[in-house]
Every structure is written in structure tokens, then in C-alpha cells.
């Protein structure tokens, strides 16, 4: 029994170390990006309009996502709940789909009832500007176009961070 317990502990330790080694570079890169000014970009929106980063001057939350990504669905539904409850303004959120066709994104956004702006990064170039390494990636932008905070994956404190950032 002691031997099995020891093997399980070693496997858990190896798993934790593996996760740290594989995720550490992107985590450090995200911390390093905080405070940097974003380069200009534009995306087509599901409303038919275009979002151009040169034209906004208030805080904005970008969420890079994919329709097939279960963590994206969870994070976007949490954000959507805040918008529905009018705890954050709908126009402060821009969910940017990466490398997907318009029809699929529109269908999924409608099925899930997203009440915030949805944009399309058809060729992944906008995600590349932000050094997105996975989905969902959430980026808080200040009105002066500097990155305030950035994270990839599920963020247990996202609702709290959104309320604090957008107040």
C-alpha cells in the first residue's frame, strides 16, 4: 500500500512539473506584455460593422476564442451573464473568434445568445499580434490602449476582475 501511495505521489509531482514547464513561458510572456501599447488592428463584427482599435478610447475586454473550445464556452457564458445582468456594458466586451468561418461563428454565437460584440479573426493575424497561445485568452485594455491584464485558460476570478476593471 505504501508503494502504491508513493507511486501516485510521484506521478502527481511529475504532472505538476510538466504543467509548470509547458505553461510557464506563456504565463511569463503575458505578465511581460502588461503595460505595453497594442499595435493597431481591426476586425469585422457580427453586426456588419468594423471594430478598429484606433477608434476606441475607453476600457475594453478582448476574449480570443474558438467555437469548438469548451473552456471558451464556459468563460463566454460567464461574461454573457454579467452583460445580461447589466453588471458590465455589452460594448466593453469584444469576443474575437480565431481562424473560423463567419457562418459557424454566427451560428454558435446565436445559439448561445451572446449579447456582446463578436468579431472575426479569419486568418489569426490579430491573435498573433497579441501572442495568443491558446483559447480562451482574455485581454484587458485600458483606454490608452495599454494591456492591463492578460491570461489564457479558465480564470476562476474572471467575473470579479471584470467588475473591478470595468467599474
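Residue numbers (this note's numbering): 5 to 171. Ideal Cβ placement from N, Cα and C applies to all residues, glycine included.
- Distance from the CA of residue 40 to the CA of residue 60, rounded to the nearest whole angstrom, comes to 17 Å.
- Unbroken alpha helix (DSSP H) stretches of 4 residues or longer found wholly inside the stretch 59-97: 74-88, given in chain order.
- A direct Cα-Cα distance of roughly 25 Å separates residue 56 from residue 90.
- As a beta-bridge residue in DSSP terms, residue 99 pairs with 67, 122.
- Out of 13, 122, 44, 11, the CA that lies nearest to the CA of residue 149 is found in 44.
- Pairing residue 126 with residue 168, the inter-Cα distance amounts to about 31 Å.
- Per the C-alpha coordinates, the member of 134, 105, 85 positioned closest to residue 123 is 105.
- Separation of residue 65 and residue 142 (C-alpha to C-alpha, rounded to the nearest whole angstrom) is 7 Å.
- For residue 55, the three-state secondary structure derived from DSSP is strand.
- In terms of Cβ geometry, residue 100 and residue 131 form a close pair [threshold 9 Å].
- In this structure residue 162 is not in contact with residue 54, their Cβ atoms being roughly 27 Å apart against a cut-off of 8 Å.
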